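Numbering (this note's numbering), first residue to last: 524 to 705. A short write-up of the structure that comes next.
As structure tokens, this is what we get:
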């Protein structure tokens, strides 16, 4: 299989189903941002973190490929069977968030991104996740998008925030609290 096809040289690309759209189309922006998010998740997972977190991040990467496949398909024309997101995927994130929160101190301040390198990567992933969510919501205003995708991205950004707090605690690094000037 050739990596380059030259079919996109004029600024168009194909969706699953064959529809050609400009590379700046909101659908392309949405799944491209999910791909970017997946890269940041990989960056977090490749740091010195515990095996449980690494394993869950690998599973999240798999779900992000599922989401990317769904977003890359033309809902009107694609006949290809692609994996789907399930309620239990969302539930897993919620369960992990709750478990981490039980071990963390109560949140009394906003947290500024930072603390250590892996925590900073986690915050970058969270921000990209929020952008992916916004683009997916925008796409849903003009075309079918499985509602589980938006819900999953929303929970994933919450998970990444709580994971950043956990990783700070694991490293015994003080949280970077926002103490506003008043």
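Just so you know, even glycine gets a beta-carbon here, dropped at the ideal spot from N, CA and C. Source: prediction; values computed, not measured.
Asked: Host alpha helix (DSSP H) of residue 618 (start-end); Found: 610 to 626
Asked: Residues near residue 669 by beta carbon distance below 8 Å, same chain, minus five either side; Found: 593, 607, 608
Asked: The region 679 to 687 / the region 641 to 652 touching (three or more Cβ pairs under 8 Å); Found: yes
Asked: Nonlocal neighbours in the same chain, by C-beta distance under 7 Å from residue 620, ignoring five residues either side; Found: 681, 682, 685
Asked: Buried or exposed (CB count within 10 angstroms, at least 16 for buried), residue 689; Found: buried
Asked: Segment contact flag, the region 546 to 560 with the region 593 to 602, C-beta cutoff 8 Å, min 3 pairs; Found: yes
Asked: Boundaries of the alpha helix (DSSP H) in which residue 642 is found, first to last residue; Found: 640 to 663
Asked: Residue burial classification, residue 569 (beta-carbon count within 10 angstroms, cutoff 16); Found: exposed
Asked: CB of residue 613 within 7 Å of CB of residue 672, strictly; Found: no
Asked: Cβ distance (whole Å) where residue 641 is taken to contact residue 572 below 8 Å; Found: 6 Å
Asked: Which listed residue (540, 575, 701) has its alpha carbon closest to that of residue 635; Found: 701
Asked: Check whether residue 696 and residue 638 have beta carbons under 7 Å apart; Found: yes
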